[in-house]
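First up is the structure itself, then whatever we jot down about it.
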């Protein structure tokens, strides 16, 4: 599985857009990029997943450049309830290597009033 | 919302005792995973099942740990002769793997927090 690197922590004010970047220099051809959110005393919650270019859903956008060696999770207009740890994961969906998921330490996002 | 359910949510026990946790996955999901998470760290993979078959185990899963999924639905994780270092959150996740390939993202339960006195 490709190793990922993320900032340990970030602070943001309410209402701002937050961008969290993840580096994954040794990403393989079949690897997908997935982001999870985790609140204290809860399990991780799936946010978004993508392979290349841009993916958007109702809660976030995921930007992946052409070389796919990094990705950026974008949270529009964050609120206090977005304070959580965000994990970037890289894995191969189709050859079976995605069964086990390697979480790093994640990025702790603190939203400030 | 019939998400992944774990029971109990909290377990406190004395060192040396055995404990068992249960996980009920999302009903149509054929893959089930167990993870362990300690404070300040991300979840660490322990093992996973496809239907009732246990396909992979981490080196973290010592001989004191055993997991089962007898009918391909719910799963249990047992820890025998618990030690202080077993104190952690134990997370269960499930996903749907298609026979033609591919794997949907894993959906997690809220875990069982184990405290060893």
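Protein chains in written order, with this note's numbering: chain A, 1278 to 1390; chain B, 1274 to 1390. Backbone N, C-alpha and C fix where the C-beta goes; we use that ideal spot for every residue, glycine too.
{"Query": "Classification of residue 1282 of chain B by the beta-carbon crowding that lies within 10 angstroms, buried from 16 upward", "Result": "exposed"}
{"Query": "DSSP state of residue 1357 of chain B mapped onto helix, strand, coil", "Result": "helix"}
{"Query": "Nearest neighbour of residue 1380 of chain B, chosen from B:1386, B:1387 and B:1369 [CA to CA]", "Result": "B:1369"}
{"Query": "Residue 1310 of chain A and residue 1285 of chain A closer than 8 angstroms at C-beta", "Result": "no"}
{"Query": "Within-8 angstroms CB hit, residue 1318 of chain B to chain A", "Result": "yes"}
{"Query": "Cβ of residue 1294 of chain B within 8 angstroms of any chain A Cβ", "Result": "no"}
{"Query": "Alpha-carbon to alpha-carbon, residue 1292 of chain A and residue 1355 of chain A", "Result": "5 angstroms"}
{"Query": "Amino acids of chain B, ordered along the chain, whose beta-carbon sits closer than 7 angstroms to that of residue 1381 of chain A", "Result": "1315"}
{"Query": "Partner residues on chain A for residue 1382 of chain B, Cβ-Cβ distance less than 8 angstroms", "Result": "1320"}
{"Query": "Contact set between the segment 1318–1344 of chain A and chain B, restricted to residues whose Cβ is under 8 angstroms from the partner", "Result": "1318, 1319, 1320, 1321, 1322, 1323 and 1326"}
{"Query": "Rounded Cβ spacing between residue 1354 of chain B and residue 1289 of chain B (contact assumed at less than 8 angstroms)", "Result": "6 angstroms"}
{"Query": "Cβ distance (whole Å) where residue 1305 of chain B is taken to contact residue 1367 of chain B below 8 angstroms", "Result": "5 angstroms"}
{"Query": "Nearest neighbour of residue 1284 of chain B, chosen from B:1363, B:1377, B:1315 and B:1378 [CA to CA]", "Result": "B:1363"}
{"Query": "Neighbouring residues, chain A, relative to residue 1364 of chain B (Cβ below 8 angstroms)", "Result": "1320 and 1321"}
{"Query": "Identity of the residues DSSP links to residue 1350 of chain A by a beta bridge", "Result": "A:1297 and A:1339"}
{"Query": "Strand pairing of residue 1331 of chain B, partner residues [DSSP]", "Result": "In the DSSP output, where bridge partners are listed per residue, residue 1331 of chain B has none listed."}
{"Query": "Under 8 angstroms from the C-beta of residue 1311 of chain A: neighbouring residues of chain B", "Result": "1378"}
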